[in-house]
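S.K.: So the sequence lines, in the order shown, correspond to chains C and P.
Letter by letter, the first sequence follows residues 1 to 129 of our numbering.
Letter by letter, the second sequence follows residues 130 to 487 of our numbering.
Heads up, the beta-carbon is just placed ideally off N, CA and C, and yes, glycines get one too.
Every value quoted in this text rests on a predicted model; they were computed, and no experiment measured them.
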Amino acid sequence: MATNIPANLKYTKEHEWTLIEGDTITVGITDFAQSALGDIVFLEVPEVGTDLKAGSTFGVVESIKSVSDLYSPVTGEVIARNTDVEGSPEKINEDAYGAWLIKVKMKDSSEINKLLTAEQYQEFCNSSH
Amino acid sequence: MTELFKTQLYDEHVKLGAKIVPFAGWDMPVQYTSVKEEVLAVRNTAGVFDVSHMGEFFIEGKDAEAFADYLVTNDILAAPQGKAVYSPLCREDGTVIDDLIVYKLAPGRVMICVNASNIDKDFSWMKSQHHGFDCSFTNMSHIFSLLALQGPKSFEILKPLLGDLPDLEYYSVFETTFADSPVILARTGYTGEDGFEVFAHHHTIKALWPKLLEAGVTPCGLAARDVLRLEVCYPLYGHELNDEINPYDAGLGWTVKPNKTKFIGKEALAAKAAKFKLIKLQLEKGIPREGYSVLNAQNEVIGTITSGTASVVLNKGIALARVKIDKIPADDIFMIDIRSKNYPAQLIKKPFVTGGHK
């Protein structure tokens, strides 16, 4: 399955992408994930100020026929949510890497070492399908 | 794990890039491109579903209609020849074995189309009731394939392919040919739109499928089919219907004809009143899913969602819910518990979407 996996991002095995800028991390779901889900119709993300724990669920993305949890790549505090995408979740299908979901201020930046590189994520996608 | 059955068109679905999932013991296409596009194709133009997993039984002989009439709760004898009749199939105690369509093909010739997941259960039940009727009863599921062509353009697409296609009434059936092979053509479906179900031997269906695609028909998967049937509030066995409830509990009282002289379940159903009501709920925000609880204004659980989805046409959450009849709130205030948060839901009286069938 050919998917778009930008080299400048880091990834999780739960198919989130992350953009790391200093101690701020922007989170979305990958092109592979949006394609597997199909038409996305609902998005639930936490309020600004919510504390997240690495690996725990922080929200939900729903396609017409499925409900999938979103997993926080890092521990930290939500400092922004993309209300534009919440109102029009189909934007995730249109541009998975443009339609970010939340921005998190990281508590422990060493956690980013656990994230996958683009090559590792590509390999993960290939091996799991 | 036992190997799953594949329809005769399996390779075609794979070639089209369909996502294949196991369903009722079959490897079935769940979607080709996008559920949304497939739903809209059926609502606006035409889509085709390979539903060859469904079962076909034939009853032939002098008592064919009488046997079919005895098996089901709806009135088969009263229906004219050439008509299709939707009905539950019940046990003596009134519980629902399956829901099905009885097709009156010709005097002494009846076809019954049943759900794929219930073929064996239905056939052995019906066989056990067959004694005393002067007719044959045969499971032909393995030699028949079935395509459902659905959508407002169905007639104009199918007519040139079949040459001879009368403008059949909705829920009627007739036997014709395609490429010199027999086909049973019914103006039925599971989408609320106009359309045809084409029952034929495998080789005939394999020849028809590419002709439909060439004519611009969109191949549609089971996911779109489920959204379409839920938008027009058709029940699905295993969700709105099951082995434990009777037709009254599923809003199917109209399919039980207590004045028929005899049918299986007559006595039990005559003594039954509905304990549940199947209601339609619509949400401005949030998507209801099967199993979610329905609450009243006092936060009391009064029922359960039996099917829920995002409606493609309305772009809103829609659901059918089985609610205890004595718990239906007089104030019409309903809420749905979605991940421990209560979302207000509006009670809808008519189907969410009005299909365009004749």
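1) In chain order, which alpha helix (DSSP H) runs of at least 4 residues are fully inside the region 249-336 of chain P?
2) Between the beta-carbon of Pro-89 (chain C) and the beta-carbon of Leu-19 (chain C), is there less than 8 Å?
3) Should Gly-161 (chain C) be labelled buried (16 or more other beta-carbon atoms within 10 Å of its own) or exposed?
4) From P:Glu-419, P:Asp-227, P:Ala-175, pick the residue whose C-alpha is nearest to that of Asp-323 (chain P); which is it?
5) Have a look at the DSSP bridge pairing and note the partners of Met-157 (chain P).
6) If you draw a straight line from the alpha carbon of Val-356 (chain P) to that of Pro-339 (chain P), how long is it in whole angstroms?
7) So, using beta-carbon positions, are Asn-4 (chain C) and Asp-31 (chain C) closer together than 8 Å?
8) Any chance you could list the alpha helix (DSSP H) runs of at least 4 consecutive residues sitting entirely within the region 369-450 of chain P, in chain order?
9) Can you grab the Cα-Cα spacing for the pair Val-312 (chain P) / Glu-221 (chain P), in whole Å?
10) Indicate, with yes or no, if the ligand GDP has a heavy atom lying under 7 Å from the CB of Gly-437 (chain P).
11) Secondary structure at Glu-167 (chain P), three-state DSSP: helix, strand or coil?
12) Per DSSP, Tyr-121 (chain C) forms a beta bridge with which residues?
13) Since Arg-238 (chain P) sits in a beta bridge, which residues does DSSP pair it with?
14) Determine whether the Cβ of Asp-95 (chain C) lies closer than 8 Å to any Cβ atom of chain P.
15) Measure how close the beta-carbons of Lys-148 (chain P) and Gln-160 (chain P) come, nearest whole angstrom, since I'm counting them as under 8 Å.
16) Measure how close the beta-carbons of Ser-181 (chain P) and Leu-275 (chain P) come, nearest whole angstrom, since I'm counting them as under 8 Å.
17) Can you give the Cα-Cα distance for Lys-107 (chain C) and Ile-79 (chain C), rounded to whole angstroms?
18) Given this structure, state the Cα-to-Cα distance separating Thr-24 (chain C) from Thr-50 (chain C), to the nearest angstrom.
19) Can a CB atom of chain C be found closer than 8 Å to the CB of Ala-170 (chain P)?
20) Within 10 angstroms of its Cβ, does Lys-53 (chain C) collect 16 or more other Cβ (buried), or is it exposed?
21) Could you name the residues that DSSP lists as bridge partners for Ile-40 (chain C)?
22) Can you say whether Met-255 (chain P) is buried or exposed, counting buried as having 16 or more other CB atoms within 10 angstroms of its CB?
M.R.: To lay it out plainly:
1) Segments of the alpha helix (DSSP H) lying fully in the region 249-336 of chain P: 283-291.
2) What you label residue 89 (chain C) is simply residue 89 of the first sequence in a count that begins at 1. What you label residue 19 (chain C) is simply residue 19 of the first sequence in a count that begins at 1. No; because the gap between Cβ atoms is not below 8 Å, this pair is not in contact.
3) In the structure as shown, chain C begins at 1 and stops at 129. Residue 161 (chain C) is therefore absent and cannot be evaluated.
4) As a position in the second sequence, residue 323 (chain P) is number 194, starting the count at 1. That would be P:Ala-175, whose Cα lies nearest to the Cα of Asp-323 (chain P).
5) Indexing the second sequence from 1 puts residue 157 (chain P) at position 28. Within the DSSP secondary-structure output, Met-157 (chain P) pairs in a beta bridge with P:Val-150.
6) One-based indexing of the second sequence puts residue 356 (chain P) at position 227. One-based indexing of the second sequence puts residue 339 (chain P) at position 210. Going from the Cα of Val-356 (chain P) to the Cα of Pro-339 (chain P) covers about 25 Å.
7) Indexing the first sequence from 1 puts residue 4 (chain C) at position 4. Indexing the first sequence from 1 puts residue 31 (chain C) at position 31. In contact: Asn-4 (chain C) and Asp-31 (chain C) (Cβ atoms closer than 8 Å).
8) Within the region 369-450 of chain P, the complete alpha helix (DSSP H) runs of at least 4 residues fall at 395-399.
9) Here the question's residue 312 (chain P) lines up with position 183 in the second sequence. Here the question's residue 221 (chain P) lines up with position 92 in the second sequence. Val-312 (chain P) and Glu-221 (chain P): Cα-Cα distance of roughly 35 Å.
10) Ligands are entirely absent from the displayed structure, and the ligand GDP is therefore not among its contents.
11) Within the second sequence, numbered from 1, the residue matching residue 167 (chain P) stands at position 38. In the three-state reduction of the DSSP assignment, Glu-167 (chain P) falls in the helix class, which pools H, G and I.
12) As a working note, residue 121 (chain C) is residue 121 in the first sequence. In the DSSP secondary-structure assignment, Tyr-121 (chain C) is not bridged to any residue.
13) Walking along the second sequence from the start, residue 238 (chain P) turns up at place 109. For Arg-238 (chain P), which the question treats as bridged, DSSP gives the partners P:Glu-189, P:Ala-235.
14) For the purposes of this step, residue 95 (chain C) is taken as residue 95 along the first sequence, with counting starting at 1. Chain P has no Cβ within less than 8 Å of the Cβ of Asp-95 (chain C).
15) In the second sequence, counting from the first residue as 1, residue 148 (chain P) sits at position 19. In the second sequence, counting from the first residue as 1, residue 160 (chain P) sits at position 31. Rounded, the Cβ-Cβ distance is 5 Å, consistent with contact.
16) As a working mapping, residue 181 (chain P) is identified with position 52 in the second sequence. As a working mapping, residue 275 (chain P) is identified with position 146 in the second sequence. Rounded to the nearest angstrom, the Cβ distance from Ser-181 (chain P) to Leu-275 (chain P) is 5 Å, consistent with a contact under 8 Å.
17) For this step, residue 107 (chain C) is matched to residue 107 along the first sequence. For this step, residue 79 (chain C) is matched to residue 79 along the first sequence. Inter-residue distance for Lys-107 (chain C) and Ile-79 (chain C) is about 12 Å (C-alpha atoms, whole angstroms).
18) As a working mapping, residue 24 (chain C) is identified with position 24 in the first sequence. As a working mapping, residue 50 (chain C) is identified with position 50 in the first sequence. For Thr-24 (chain C) and Thr-50 (chain C), the gap between their C-alpha atoms comes out near 15 Å.
19) Walking along the second sequence from the start, residue 170 (chain P) turns up at place 41. No, Ala-170 (chain P) lies away from the interface with chain C (no Cβ there is under 8 Å from its Cβ).
20) In the first sequence, residue 53 (chain C) corresponds to position 53, counting from 1. With fewer than 16 Cβ atoms within 10 Å of its Cβ, Lys-53 (chain C) is classed as exposed.
21) In the first sequence, residue 40 (chain C) corresponds to position 40, counting from 1. Ile-40 (chain C) is bridged to C:Ser-63.
22) Counted from its first residue, the second sequence places residue 255 (chain P) at position 126. Counting the other Cβ atoms within 10 Å of the Cβ of Met-255 (chain P) gives 16 or more, which makes it buried.
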